[in-house]
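Report on the structure given below.
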Amino acid sequence: MTTRRAENRPTTDLPARPALRASGLTLRVSPSGQLHLDESESDDDTLPPERHHRIKLAFQPGVAAGLLGLALDHADTPLPPSLTWGRDVAAACLQGLVARADDEGRLPSPDTGPTERLAALAARVPPIRGAEYVDSDVVAAVWTEVDAAVRSAVGDHGDFGAWLAARHAARHLVGRVHLHLAEKRGDP
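Written out as structure tokens, the structure reads:
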């Protein structure tokens with residue numbers, strides 16, 4: 031068996047493909063209490079390129095739409111701490127709407143959520159720029175914005191339950207309690 035040696039052939043000078051680099055996203059809070067999405071260089075905020083792109087697209091209409099997108103489309107996705115916190119605020123708002131919606135798919139009147147829930151969410155804010163500005167009033171304002179984003183999206187769709195089921199298959203069950211009663215034969 032003979033072995034061939036590799037010949038030194040000239041290489042073409044094609045430009046190298048740019049490597050897709052994972053980059054990060056983070057939430058920050060302004061002194062007025064407004065949330066903003068920013069690029070981040072921190073390793074803690076790094077996201078795979080495709081997820082980074084999808085999340086940035088979700089935030090283009092506004093922060094409330096982005097947080098709603100995180101709660102619905104990235105519910106089980108590992109995210110940087112600030113985005114996880116934002117997702118938790120939006121998910122809590124959704125849970126409140128699901129628990130209070132009627133059986134015909136109509137949304138309840140707007141509210142800002144239970145005071146103790148808002149305080150708990152404010153206490154869990156991760157170390158982000160502007161975290162010192164977060165209190166239950168800031169969380170209530172974010173809650174109200176997410177609520178308005180839901181109402182806008184449902185208004186286009188018509189029915190809250192159908193909209194929620196279309197956006198996230200299991201999310202429409204959140205906050206509901208179902209009791210299944212069994213009957214024992216021969217027991218009056």
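So my numbering is basically just the index in the sequence shown, starting at one, shifted up by 30.
From the three backbone atoms N, C-alpha and C, an ideal C-beta is built for every residue, glycine too.
Here the structure is a predicted model, which is why all the values come from computation and not from measurement.
Next item on the list: Give every residue of the same chain whose Cβ lies closer than 6 Å to the Cβ of Ala152, excluding the five residues on either side of it in the sequence, and list them in chain order.
Entry: Val164, Asp165, Ser166, Val169
Item checked: DSSP three-state assignment for Val59, whether helix, strand or coil -> strand
Item checked: Limits of the unbroken beta strand (DSSP E) element including Asp103 -> Taken as a continuous stretch (DSSP letters only), Asp103 belongs to no beta strand (DSSP E), being part of the alpha helix (DSSP H) at 93-103.
Checklist line | For Ser70: DSSP bridge partner residues | finding: Gly54
Item checked: Neighbourhood of Ala95 by C-beta distance below 6 Å, restricted to the same chain and skipping five residues each side -> Ala179
Note to self: So Ser112 and Pro156 are supposed to be a Cβ contact under 8 Å. How far apart are they, rounded?
What the structure shows: 6 Å
Checklist line | Nearest neighbour of Arg81, chosen from Pro108, Pro138, Gly92 [CA to CA] | finding: Pro108
Margin query: Does Thr142 come out as helix, strand or coil in the three-state DSSP assignment?
Written below: coil
Next item on the list: Report the three-state DSSP secondary structure of Leu137 (helix, strand or coil).
Entry: coil
Next item on the list: With a cut-off of 8 Å on the beta carbons, I'd call Pro140 and Asp189 a contact; round off their distance for me.
Entry: Wrong, their Cβ atoms sit about 18 Å apart, outside the cutoff.
Checklist line | 6 Å Cβ shell around Val93 - same chain, five flanking residues per side excluded | finding: Leu65
Item checked: Thr107 in three-state terms, based on DSSP -> coil
Note to self: Taking the alpha helix (DSSP H) that His82 belongs to, which residues open and close that run?
What the structure shows: 79-89
Margin query: Please return the same chain residues whose Cβ sits closer than 7 Å to the Cβ of Leu137, not counting the five positions on each side in sequence.
Written below: Leu127, Ala131, Arg181, Val184, Phe190
Checklist line | Residue from Ala196, Thr145, Arg58 whose Cα sits closest to the Cα of Thr114 | finding: Arg58
Notebook entry, point to check: Does any residue of chain D bring its CB to less than 8 Å from the CB of Leu127?
Noted result: Within the model displayed, chain D is absent; a lone protein chain is all it includes.
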